[in-house]
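Peer 1: Chains A and B, in that order, are what the protein sequence lines are.
Oh and the first sequence: position 16 is 15 in numbering that gives the first Met the number 0, straight run, nothing missing.
Oh and the second sequence: position 110 is 109 in numbering that gives the first Met the number 0, straight run, nothing missing.
Just so you know, even glycine gets a beta-carbon here, dropped at the ideal spot from N, CA and C.
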Amino acid sequence: MSMSTAVEINELVKVFGEVRALDSLSFQIRKGEIYGLIGPNGAGKTTALRITSTLLLPTSGTVKVFGHDVIDEASEVRRLITYLPEEAGAYKNLSGYEYLAFMIKFTAKNKETVKETVEVAAKISGLEERLKDKVKTYSKGMKRRLLVARALMTKPKLSVLDEPTSGLDVLHSVHVRGIIKQYVEKQGVTVLLSSHNMLEVEHLCDRVALINKGKIVAEGSPAELKTRYDSANLEEAFAKVVGFV
Amino acid sequence: MFKGLFNIIVKEVKELVRDPKILLGMIIVPLIMFPLMGFAIQTSMEAAEESMGSISMAVMDLDKGPVAENLTNFLATLNIRIVEVDDLNLTEAVNYVEQSNLTGLIVIPPSFSDNITDGLKAELDVYTVFRGAGIAESTSSSAISALLKTFEEYLVVQKVGEKFPEEDPKTILDPIELAEKSIIKGKDVNIPPEVLFGLMMSQSLGMPIGIMMLLIFAMQLAATSVASEKEEKTLETLLTLPVNRFTILVGKLTGSIIVAVVGAVAYIVGFSYYMGSFAGVMPAGTGVDLAAIGLAPTPISYLLLGASLFMSLLSALALAISISIFAEDVRGAQALVGPLSILLIFPMIFTMFTDIYALPFPLMIVLLAIPFTHPMLAARAAFTGDYLTAIIGIVYVSIFTIAVLYIAARLFGTEKILTARLKFRRFRLRKSK
């Protein structure tokens, strides 16, 4: 694993009963880049992200995050990452502030750090005063902004974001994409994200992997992929790769 | 290893206590419901007592003999208001009693005094007005019966005294006096065993109920605590935090214990108030000091009871968490954990009403195999000073707890916590037919 590699996935296989969710998946993510996994439902995107986040165990193959194996050094990996699941929720009976403080206290050294980090999250999310209210009073968009802010506020080395704008309206989606783009550029965080939304991927990602039936079928920057498959956008490129058109 | 534990406990307690269902069901309702029930019972009892103090009877004396006069005077000396209705016929008298709000009517038939004087059976007609099925009604009517019975005993003593003027009539009627004593820990104590049993029951009855309630609360909370993480989609985030999985498990257990203890205290406070509402109308205690005769718990007994209770609590919670991992939401978790309450109700009933060691052998073994029987046995042993029973129970429950905790930790430490699901496919198919 080279010094510039953040994530290295080799021949990753995951089998659930009779379903082969990942089939010899391999790719690498460079430090500081936003890497996107694109594919249809059931392609294996979430499974790959969950294994990278130490939630699931691989059936075979290896996953290393900044040189740490996700099986043998799971606790090391957890110190370096944050994970935003697709349908993640927040503790509804806590206020937004309490929720963020709860999350940061596992890594913060003192109360000042907690306060400063929560202030950062307040700015990232744009929730400001609403952080005093209980999470159960938030709209879906506000909750997602809170969760994205939670995933980025600690300046993790790797942030794993599963469908970061899932279920959001246009305005909230634009806001969340803006947060990710600006914050990552400023802080040098590496991001691994998955999405159905090709527009989002084109806008955010430095490189993408097109994944189908648990395998990577194409990889490159959005511009490279469009050129390679002579397509106007990534959606068209993906359809050509999987033989849909 | 336990870095971040306090943070998790605080979060758990906040989440549970702020949940309206838990706050209302476990803390507020017992604190309001039981005192309200107590207040209602106390008010009825007081009304009954008041009605006892104001019994008024109509008396139709058709005899006019000395014994009839004696009876009327006897009732009057007991503060019963007597209304004479000698000049009315029975139908008129009954109507009058009903309309005048009197308690009842006593009809003393002709020859009542003569029959008693001649040693023949005399008849006395007592009519009580039935106005409803309240406590006051039944207490008034039984009070009249009791008073007439006392008058009858007075007549018997008088009669025996006339026949045997040289002897004490009470000795003739009740020739043997039982002096019942008890043997406690090799010493004889001048207290009848049923009095001791009653005292022990009254002091130890609440304990199994309290223990059962605490364990049921705790199990439901622990199950809710894990299942709500799944339902609210917070579990995955929690499991990727830089904190040991065992610490998360311990945090959840501790949070549930804290809230369960608060819930149990609320329940016991409410229940005590409810029980206290009977105090005014129940007969007073016999003044027996259990500590003086060696039947009160010692500090060691309390310590052993505490240890037994703590281990049982831990095992109940670990069991609930292990099972709730297989549920997808809170309702599913509560449905899975609910049947476990049988393991608590069963031992509670047996320890409350019988000696487990006197039961048929297979039943005794089944009960002793249930870990939650042991804190209830320890509660009883606390009064008798049977430390060995408590210690054996603690050892057994500890082994059980370690095993269940190990299973819970294993489930928490692997991907099972995310992927485990109980399937009810067959059940659903059958149901849909």
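What separation, rounded to the nearest whole angstrom, lies between the Cα atoms of R77 (chain A) and A221 (chain B)?
Peer 2: Locating residue 77 (chain A) in the first sequence gives position 78, counting from the first residue. Locating residue 221 (chain B) in the second sequence gives position 222, counting from the first residue. Distance between the alpha carbons of R77 (chain A) and A221 (chain B) is about 25 Å.
Peer 1: Can you find a C-beta in chain B that's less than 8 Å from the C-beta of N92 (chain A)?
Peer 2: As a working note, residue 92 (chain A) is residue 93 in the first sequence. Yes - at least one Cβ of chain B is within 8 Å of the one on N92 (chain A).
Peer 1: List in chain order: all unbroken alpha helix (DSSP H) runs of 4+ residues lying wholly within the segment 25 to 103 of chain B.
Peer 2: Taking only runs of at least 4 residues, the alpha helix (DSSP H) segments lying wholly in the segment 25 to 103 of chain B are 28 to 52, 65 to 76 and 89 to 98.
Peer 1: For G392 (chain B), return the contacting residues in chain A, with the cut-off set at a CB-CB distance below 8 Å.
Peer 2: Your numbering for residue 392 (chain B) matches position 393 in the second sequence. Correct list: empty, because the minimum Cβ distance to chain A is about 37 Å.
Peer 1: When Cβ atoms are compared, which residues of the segment 70 to 93 of chain A fall closer than 8 Å to chain B?
Peer 2: Cβ contacts with chain B come from S74, R77, R78, I80, T81, Y82, L83, P84, E86, A87, G88, A89, Y90, K91, N92 and L93.
Peer 1: Once DSSP output is grouped into helix, strand and coil, what is the label at R143 (chain A)?
Peer 2: Mapped onto the first sequence, residue 143 (chain A) falls at position 144. It is helical.
Peer 1: Please name the residues in the segment 0 to 29 of chain B whose beta-carbon is closer than 7 Å to at least one beta-carbon of chain A, in chain order.
Peer 2: Listed by position, the residues of the segment 0 to 29 of chain B near chain A (Cβ gap below 7 Å) are G3, N6, K10, K13, E14, R17 and D18.
Peer 1: Measuring straight from C-alpha to C-alpha, what distance separates V260 (chain B) and L213 (chain B)?
Peer 2: Numbered from 1 along the second sequence, position 261 holds the residue referred to as residue 260 (chain B). Numbered from 1 along the second sequence, position 214 holds the residue referred to as residue 213 (chain B). Rounded to the nearest angstrom, the two C-alpha atoms are 7 Å apart.
Peer 1: DSSP puts Y126 (chain B) in a beta bridge; with which residues?
Peer 2: By one-based count along the second sequence, residue 126 (chain B) stands at place 127. Its beta-bridge partners are B:L104.
Peer 1: May I ask you to verify whether the segment 59 to 68 of chain B touches the segment 102 to 115 of chain B, counting CB pairs closer than 8 Å and requiring at least 3?
Peer 2: Judged by Cβ distances under 8 Å, the segment 59 to 68 of chain B makes contact with the segment 102 to 115 of chain B, as three or more pairs qualify.
Peer 1: Compare the C-alpha of T51 (chain A) against each of A:G31, A:S25 and A:P39 and name the closest.
Peer 2: If you number the first sequence from 1, residue 51 (chain A) lands on position 52. Cα-wise, what sits closest to T51 (chain A) is A:S25.
Peer 1: Just to confirm, is the Cβ distance from A120 (chain A) to R149 (chain A) under 8 Å?
Peer 2: To locate residue 120 (chain A), count along the first sequence from 1; it is residue 121. To locate residue 149 (chain A), count along the first sequence from 1; it is residue 150. The answer is yes: Cβ separation under 8 Å.
Peer 1: Name the one or two DSSP bridge partners that Y82 (chain A) has.
Peer 2: Mapped onto the first sequence, residue 82 (chain A) falls at position 83. Y82 (chain A) is bridged to A:V159.
Peer 1: For D113 (chain B), name the three-state secondary structure that DSSP assigns.
Peer 2: As a first step, residue 113 (chain B) is located in the second sequence; it is residue number 114 there, counting from the start. Helix.
Peer 1: Just checking: is the beta-carbon of P338 (chain B) within a distance shorter than 8 Å of some beta-carbon in chain A?
Peer 2: Counting from 1 along the second sequence, the entry for residue 338 (chain B) is found at position 339. Judged by the 8 Å Cβ criterion, P338 (chain B) is not in contact with chain A.
Peer 1: Counting C-beta neighbours from all protein chains within 10 Å, is the total for I324 (chain B) 16 or more, i.e. buried, or is it exposed?
Peer 2: In the second sequence, the residue the question calls residue 324 (chain B) occupies position 325. Buried, because 16 or more other Cβ atoms sit within 10 Å of the Cβ of I324 (chain B).
Peer 1: So for N211 (chain A), helix, strand or coil by DSSP?
Peer 2: As a working note, residue 211 (chain A) is residue 212 in the first sequence. Note: N211 (chain A) maps to strand in three-state DSSP.
Peer 1: Which residues in chain B have a C-beta closer than 9 Å to the C-beta of L11 (chain A)? List them in chain order.
Peer 2: Along the first sequence, read from residue 1 onward, the residue named residue 11 (chain A) stands at position 12. Under the 9 Å cutoff, chain B gives no residues; its nearest Cβ is about 15 Å from L11 (chain A).
Peer 1: Give a yes or no on contact between the segment 251 to 260 of chain B and the segment 314 to 333 of chain B, applying the rule of three or more CB pairs nearer than 8 Å.
Peer 2: Contact holds: three or more Cβ-Cβ distances are below 8 Å.
Peer 1: Around the C-beta of R427 (chain B), are 16 or more other C-beta atoms found within 10 angstroms, so that it is buried, or is it exposed?
Peer 2: Numbered from 1 along the second sequence, position 428 holds the residue referred to as residue 427 (chain B). With a pLDDT of only 47 at R427 (chain B), under the threshold of 50, the placement of this residue in the model should not be trusted; the figure read from the coordinates follows. It is exposed - the Cβ of R427 (chain B) has fewer than 16 other Cβ atoms within 10 Å.
Peer 1: Taking the alpha-carbon positions, what's the L123 (chain B) to V106 (chain B) distance?
Peer 2: Within the second sequence, the letter at position 124 stands for residue 123 (chain B). Within the second sequence, the letter at position 107 stands for residue 106 (chain B). One C-alpha to the other measures close to 6 Å.
Peer 1: Can you check whether the C-beta of F101 (chain A) is within less than 8 Å of a C-beta belonging to chain B?
Peer 2: Reading the first sequence from its first residue, position 102 is the one you call residue 101 (chain A). F101 (chain A) counts as touching chain B.
Peer 1: Can you tell me where the alpha helix (DSSP H) with G412 (chain B) in it begins and where it stops?
Peer 2: Here residue 412 (chain B) corresponds to residue number 413 of the second sequence, with the count starting at 1. Note, G412 (chain B): alpha helix (DSSP H), Y386 to G412.
Peer 1: Tell me, to the nearest whole angstrom, how far the beta carbon of L209 (chain A) is from that of I28 (chain A); I am working on the premise that it is less than 8 Å.
Peer 2: For the purposes of this step, residue 209 (chain A) is taken as the residue at position 210 of the first sequence. For the purposes of this step, residue 28 (chain A) is taken as the residue at position 29 of the first sequence. Incorrect: roughly 15 Å between the Cβ atoms, too far for contact.
Peer 1: Whether or not the segment 37 to 53 of chain A and the segment 212 to 227 of chain A are in contact is what I'm after, with contact meaning three or more pairs of Cβ atoms, one per stretch, closer than 8 Å; do they touch?
Peer 2: They touch, by the three-pair rule.
Peer 1: How many angstroms separate the CA atom of A73 (chain A) from the CA atom of A236 (chain A)?
Peer 2: Working through the first sequence from its first residue, we reach residue 73 (chain A) at position 74. Working through the first sequence from its first residue, we reach residue 236 (chain A) at position 237. Going by the C-alpha atoms only, they are around 36 Å apart.
Peer 1: Specify, as a first and last residue, the run of the beta strand (DSSP E) that K186 (chain B) falls within.
Peer 2: Along the second sequence, read from residue 1 onward, the residue named residue 186 (chain B) stands at position 187. Note, K186 (chain B): beta strand (DSSP E), K186 to V188.
Peer 1: For the segment 183 to 199 of chain B, which residues have a beta carbon sitting closer than 7 Å to at least one beta carbon of chain A?
Peer 2: Cβ contacts with chain A come from no residue of the segment 183 to 199 of chain B.
Peer 1: Counting Cβ pairs closer than 8 Å, one from the segment 29 to 47 of chain B and one from the segment 265 to 272 of chain B, do we hit at least three?
Peer 2: Yes, the segment 29 to 47 of chain B touches the segment 265 to 272 of chain B.
Peer 1: DSSP on K63 (chain A), reduced to helix/strand/coil?
Peer 2: Numbered from 1 along the first sequence, position 64 holds the residue referred to as residue 63 (chain A). Three-state DSSP puts K63 (chain A) in a strand.
Peer 1: So the alpha helix (DSSP H) Y182 (chain A) belongs to, where does it begin and stop?
Peer 2: Taking the first residue of the first sequence as 1, we reach residue 182 (chain A) at position 183. Its alpha helix (DSSP H) spans residues V169 to Q186.
Peer 1: What did DSSP end up calling K241 (chain A) once you bin it into helix, strand or coil?
Peer 2: As a first step, residue 241 (chain A) is located in the first sequence; it is residue number 242 there, counting from the start. In the sequence on display, residue 241 (chain A) carries Val and not Lys. Note: V241 (chain A) maps to coil in three-state DSSP.
Peer 1: Less than 8 Å between the beta carbons of T236 (chain B) and P84 (chain A), yes or no?
Peer 2: Reading the second sequence from its first residue, position 237 is the one you call residue 236 (chain B). Reading the first sequence from its first residue, position 85 is the one you call residue 84 (chain A). In this structure, P84 (chain A) lies closer than 8 Å to T236 (chain B) by Cβ.
Peer 1: Taking C-beta to C-beta, are V396 (chain B) and S340 (chain B) nearer than 8 Å?
Peer 2: By one-based count along the second sequence, residue 396 (chain B) stands at place 397. By one-based count along the second sequence, residue 340 (chain B) stands at place 341. Contact flag unset, no.
Peer 1: On the CB-based measure, 16 or more other CB atoms within 10 Å of its CB, does V188 (chain A) come out buried or exposed?
Peer 2: Indexing the first sequence from 1 puts residue 188 (chain A) at position 189. Buried is the call here.
Peer 1: What would DSSP say about G35 (chain A), mapped onto helix, strand or coil?
Peer 2: If you number the first sequence from 1, residue 35 (chain A) lands on position 36. Three-state result, G35 (chain A): strand.
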